[in-house]
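Visitor:
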Amino acid sequence: MSQLNDGIKVIDAEPQHANTQQGTSMNANALLNNTLDGFANLSSRFNPFAQKFNKGLGQVRQYAQEKLGTAENITELPQEYKDFEKKIDALRTVEANLLKVSRAYNNPSYDYPIQIQESLLGISNTVTREIQHLALSSTISAADRSTQSANANNAQPIPQEEPKTLLHGLARVAAQGSQSIGIEEPLGTALFKYATITEKVADARLKMDHNIVEKFNKPVQTTLNTIIEKALKARKNVQSIRLSLDACKARYRSARPEKSEAARLEVEQAEDQFVAAVEEATNLMKAALENPEPFRNLADLVTAQLQFYKEAQDLLSDLAPELDEIQVTQESLYRNSRA
Numbered sequence: 164m165s166q167l168n169d170g171i172k173v174i175d176a177e178p179q180h181a182n183t184q185q186g187t188s189m190n191a192n193a194l195l196n197n198t199l200d201g202f203a204n205l206s207s208r209f210n211p212f213a214q215k216f217n218k219g220l221g222q223v224r225q226y227a228q229e230k231l232g233t234a235e236n237i238t239e240l241p242q243e244y245k246d247f248e249k250k251i252d253a254l255r256t257v258e259a260n261l262l263k264v265s266r267a268y269n270n271p272s273y274d275y276p277i278q279i280q281e282s283l284l285g286i287s288n289t290v291t292r293e294i295q296h297l298a299l300s301s302t303i304s305a306a307d308r309s310t311q312s313a314n315a316n317n318a319q320p321i322p323q324e325e326p327k328t329l330l331h332g333l334a335r336v337a338a339q340g341s342q343s344i345g346i347e348e349p350l351g352t353a354l355f356k357y358a359t360i361t362e363k364v365a366d367a368r369l370k371m372d373h374n375i376v377e378k379f380n381k382p383v384q385t386t387l388n389t390i391i392e393k394a395l396k397a398r399k400n401v402q403s404i405r406l407s408l409d410a411c412k413a414r415y416r417s418a419r420p421e422k423s424e425a426a427r428l429e430v431e432q433a434e435d436q437f438v439a440a441v442e443e444a445t446n447l448m449k450a451a452l453e454n455p456e457p458f459r460n461l462a463d464l465v466t467a468q469l470q471f472y473k474e475a476q477d478l479l480s481d482l483a484p485e486l487d488e489i490q491v492t493q494e495s496l497y498r499n500s501r502a
C-alpha cells in the first residue's frame with residue numbers, strides 16, 4: 164500500500180504507540196469509536212453541516228483504525244498508480260536537491276572568503292580606476308588624453324560597489340600590488356597583466372552565474388511549484404477520497420437492513436469519486452514524468468558552464484605566455500648578475 168498519509172492531517176487521532184498489544188488496540192479503537200460517534204450525534208443538530216461533518220469524521224475514524232491496525236478491507240490502489248508515485252517522488256527529490264545546491268549561484272559572493280576584509284587590504288575603487296587608466300594611456304594620443312582628462316574633471320563620480328568574488332578579490336589585490344611596486348617594474352607589469360585578465364575572467368563568471376539563475380534555478384523552481392505540486396495535491400486528494408470510500412464500506416457492512424440500500428448507494432458514489440481521483444492523479448503524475456523541461460534545464464546549465472570555462476581558458480591562454488616570457492627574462496638577468 165502506497166504511503167500517502169502525509170497529505171491527511173488528523174489531530175489527536177493517531178495513537179502515540181502503534182505497536183501495542185491486541186487488547187490495548189481494541190480498547191483504543193472502542194474509545195475512538197465512542198468519541199467519534201458522540202461527535203456525529205452532536206453534529207446532527209447543526210444541519211446543513213452535519214453530513215459534511217460526519218463525512219470528515221468517517222475519514223478520521225478510518226485513518227485512525229488503519230494506524231491502529233484494526234481497519235478491514237482497505238481499498239488497494241492500482242499498481243501503475245503506485246509505480247508512478249515512486250517515480251514522481253524520485254523526480255521531486257532530484258529536482259529539489261539540485262536546486263538546493265545550485266541556489267549558491269544566486270549569491271555572487273559564494274566563493275568569496277569571509278575572513279577577507281576590504282578595509283584591511285586597503286583596496287578601493289580608486290586603485291582599480293587608476294590601473295584601468297594606465298592601461299588606456301598607452302593606446303591614446305596626447306590630444307585624446309587631454310580631452311579625456313577634461314571630461315573626467317567635469318564628470319561626476321559614480322560610486323560602484325566592487326563585486327565580492329574570489330577572482331575579483333585577486334584582481335584587486337594584484338592591481339594594488341602593481342601600483343605599489345610600479346607598473347614600470349617587471350613584477351609590477353606582471354601583476355598588472357594578471358589583474359587585467361583575472362578581472363575579465365571574474366566578469367565572465369558573474370555572467371555564468373546570471374545565466375544559471377535565469378535558465379536553471381528559476382525554471383526548476385517553477386517546475387516544482389507547478390506541475391509536480393499539482394501531481395502531489397492530486398495524490399493527497401486520492402488519499403482523502405480513499406479514506407472516505409473505506410469509511411462508506413465500513414458503514415455499509417454494519418448498516419441495519421432499513422439503511423442498507425442507502426449505504427450501498429453511498430459506497431457506489433464513493434467508488435466513482437475514487438476512480439475519477441485516481442485517474443486524474445495518474446494523468447498528472449504521468450505528465451510531470453514526461454515533461455521535457457528538466458532535460459532543457461540541465462542542458463542550459465551545462466551551456467552556461469561551458470561558455471564560462473571556454474572564455475576563461477582563452478583569456479588565461481593569452482596571459483600565460485606573456486608571464487612566462489617575463490619570468491624567463493628575469494631568470495636570465497638574475498643568472499647573469501651572479502656570473
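Take 164 as the starting number for the sequence shown in the numbering used here and just add one per residue. For glycine and all other residues, C-beta sits at the position ideal for the given N, C-alpha and C.
Helix or strand or just coil, what does DSSP make of Glu431?
Guide: Correct three-state label for Glu431: helix.
Visitor: Under the three-state reduction of DSSP, which class applies to Arg335: helix, strand or coil?
Guide: If DSSP states are grouped into helix, strand and coil, Arg335 belongs with the helices.
Visitor: With a threshold of 16 other CB atoms inside 10 Å of the CB of Gly332, please say whether the residue is buried or exposed.
Guide: With 16 or more Cβ atoms within 10 Å of its Cβ, Gly332 is classed as buried.
Visitor: In its own chain, which residues sit with a C-beta less than 7 angstroms from the C-beta of Ala358, not counting the 5 before and 5 after it?
Guide: For Ala358, where only same-chain residues beyond five positions count, the Cβ hits under 7 angstroms are Ile294, Ala334, Ala337, Ala338, Ser341.
Visitor: For the 8 angstroms Cβ check, are there 3 or more pairs between the stretch 474-489 and the stretch 378-386?
Guide: No, they do not touch.
Visitor: Quick check: what's the CA-CA separation for Glu429 versus Cys411?
Guide: Using only the alpha carbons, I get a separation of about 7 angstroms.
Visitor: Rounded to whole angstroms, what is the Cα-Cα separation between Glu239 and Leu452?
Guide: Their backbone Cα atoms lie some 23 angstroms apart in a straight line.
Visitor: Would you kindly work out how many angstroms separate the C-alpha atoms of Glu443 and Ala397, rounded to a whole number?
Guide: Distance between the alpha carbons of Glu443 and Ala397: 7 angstroms.
Visitor: Taking the alpha-carbon positions, what's the Leu199 to Val223 distance?
Guide: Any reading at Leu199 must be qualified, since the residue scores a pLDDT of 47, below 50, and its modelled position is unreliable; the value itself is stated next. Each residue's alpha carbon lies about 9 angstroms from the other.
Visitor: Taking C-alpha atoms, which residue in Ile391, Gln436, Leu329, Asp372 lies nearest to Leu464?
Guide: Leu464 has its Cα closest to that of Asp372, out of Ile391, Gln436, Leu329, Asp372.
Visitor: So Tyr134 is in the alpha helix (DSSP H); what residue range does that whole segment cover?
Guide: Absent from the model: residue 134. The displayed extent of the chain is 164 to 502, so no value can be given.
Visitor: How far does the alpha helix (DSSP H) with Ile375 in it extend, from its first residue to its last?
Guide: Run containing Ile375: 349-375, per the alpha helix (DSSP H) assignment.
Visitor: Check whether the stretch 239-258 and the stretch 411-422 touch, using three or more Cβ-Cβ pairs below 8 angstroms as the test.
Guide: Touching, no.
Visitor: Can you give the beta carbon distance from Leu387 to Ala259, rounded, assuming they're within the 8 angstroms contact cut?
Guide: About 6 angstroms separates the two Cβ atoms, so the contact holds.
Visitor: Relative to the C-alpha of Ile360, which candidate in Val491, Leu478, Ala502, Ser495 has its C-alpha closest?
Guide: Nearest C-alpha to Ile360: Leu478.
Visitor: Excluding the five sequence neighbours on either side, which residues of its own chain have a C-beta within less than 7 angstroms of the C-beta of Gln468, listed in chain order?
Guide: Excluding residues within five positions, the ones whose Cβ falls inside 7 angstroms are Met371.
Visitor: With H, G and I counted as helix, E and B as strand and the rest as coil, what does DSSP make of Pro420?
Guide: Pro420: helix per DSSP, three-state reduction.
Visitor: Who are the near neighbours of Glu474 in its chain, counting only those whose CB is closer than 6 angstroms to its CB and skipping five residues on each side?
Guide: Answer for Glu474: Ala367, listed in chain order.
Visitor: So, Tyr472 versus Ile375, is the Cβ gap smaller than 8 angstroms?
Guide: No. Outside cutoff.
Visitor: What did DSSP end up calling Tyr497 once you bin it into helix, strand or coil?
Guide: Three-state DSSP puts Tyr497 in a helix.
Visitor: What three-state label does DSSP hand Ala462 in the structure shown?
Guide: Ala462 falls in the helix class under three-state DSSP.
Visitor: Going by Cα to Cα distance, which pick from Ser423, Leu330, Glu248, Lys249 is closest to Tyr275?
Guide: Nearest of Ser423, Leu330, Glu248, Lys249 to Tyr275, Cα basis: Leu330.
Visitor: Closest to Lys363 by C-alpha separation, out of Leu395, Asp481, Gln402, would be which residue?
Guide: Closest option to Lys363, Cα to Cα, is Asp481.
Visitor: Can you tell me whether DSSP reads Leu240 as helix, strand or coil?
Guide: Looking at Leu240 - three-state DSSP - the assignment turns out to be coil, as it is neither helix nor strand.
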